[in-house]
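A short write-up of the structure that comes next.
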Amino acid sequence: TDFRFEADRQYLAWHAVGAFLITDSNRIDIEPAPGVDDALLAFPLLGPVMALLLHRRGLLVLHASAIAAAGTSAIFMGDKGAGKSTTASAMIRAGHRLLTDDVVALDLANPSEPMTVPGFPQIKLAADAAAAISLGEAEVRPQVHPAIDKMQHRLNGDFSGDKVPATRIYILERGERAGITPLPAIAALPAIIKFSYVTRFGRAALPDDFAAAHLQQCSWIANHIGVYRLEVPTGLDRIGEAVELIEKDLSAGSRRS
73 TDFRFEADRQ YLAWHAVGAF LITDSNRIDI EPAPGVDDAL LAFPLLGPVM
123 ALLLHRRGLL VLHASAIAAA GTSAIFMGDK GAGKSTTASA MIRAGHRLLT
173 DDVVALDLAN PSEPMTVPGF PQIKLAADAA AAISLGEAEV RPQVHPAIDK
223 MQHRLNGDFS GDKVPATRIY ILERGERAGI TPLPAIAALP AIIKFSYVTR
273 FGRAALPDDF AAAHLQQCSW IANHIGVYRL EVPTGLDRIG EAVELIEKDL
323 SAGSRRS
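Sequence positions in the sequence shown follow our numbering and run 73 to 329.
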């Protein structure tokens, strides 16, 4: 890999995939590696590359998944393997709609109503999660690389193409039973910083005034959107317990707002 960050351009390259150059908020130049498959090329393009482009547009970008539920949105953050996409898929199975997977962009243009921006109607799932959580008529794409254990599921419906008010942020952890615990802003802020997408690239990705602006965005979210710790029971057969709690919490939050 080769990552270079400047105030006016960002360069990301993966030897087996290709190179991507972002020169403004509406342009990505791509140099594919010889013989690379389009599906493999799309993996970084729709992940870290798109995240950096959205960051340049002034959006706060989180490494997370998000669903829309009755005019609200729930954002799922967590460490690798915590079950972000799995939990989002379980919510889709329960009748809600996907907003975005892997890259969650928050539009803070109107501070009184932060919005979750829709992404693409597809979600990445490992084989065991896909087997346990049926997504109806979703089109399952082939595995793009032996080192990537998740496969893309393209949804036919079950997708929200409109911005939705950002209602809840859940930080996923494994536990013995499903549970939701509110986090005070002092605990929520470091979590939001940790799971913001640009933070994954280190301090070099936040040159000049970008670092201060990014911290301000994270702080605002920590103080104005409900951030909760969500304990998800171990075992895919118990994911429904978490779904039930999330639905109740979203409903309660909607009534209070």
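Built from N, CA and C at the ideal position, the CB exists for glycine as well.
Does DSSP put S329 in a helix, a strand or coil? For S329, the predicted structure reports a pLDDT of 49, less than 50, and the residue's modelled location is therefore unreliable. The matter cannot be settled from this model.
Look at R301 and T253 and say whether their C-beta atoms are less than 8 Å apart. yes
Identify every run of the alpha helix (DSSP H) within the segment 96 to 134, keeping only runs that are complete inside it and at least 4 residues long; order them along the chain. 110 to 116, 122 to 128
In angstroms with no decimal places, state the Cα-to-Cα distance between L131 and A259. 22 Å
Under the DSSP definition of a beta bridge, which residues are partnered with A136? M149
Quick check on T73: buried or exposed, where buried means 16 or more other Cβ atoms within 10 Å of its Cβ? exposed
Do you know offhand how far R327's Cα is from I265's? With a pLDDT of 47 at R327, under the threshold of 50, the predicted position of this residue should be treated as unreliable, and no value is reported.
For L134 and M149, what's the separation of their Cα atoms in angstroms? 8 Å
Tell me the residue span of the beta strand (DSSP E) that contains D74. 74 to 77
Using 8 Å as the threshold, is the C-beta distance between A210 and V315 below it? no
Neighbour-count burial assignment, R272, 16 or more Cβ in a 10 Å radius: exposed
Contact the segment 97 to 114 vs the segment 214 to 225: 3+ CB pairs below 8 Å: yes
Using DSSP's beta-bridge definition, name the partner residues of M52. Nothing can be reported for residue 52, as the shown portion of the chain is limited to 73 through 329.
Tell me whether the beta-carbon of G298 lies closer than 8 Å to the beta-carbon of R246. no
Which of helix, strand or coil DSSP assigns to F282: helix
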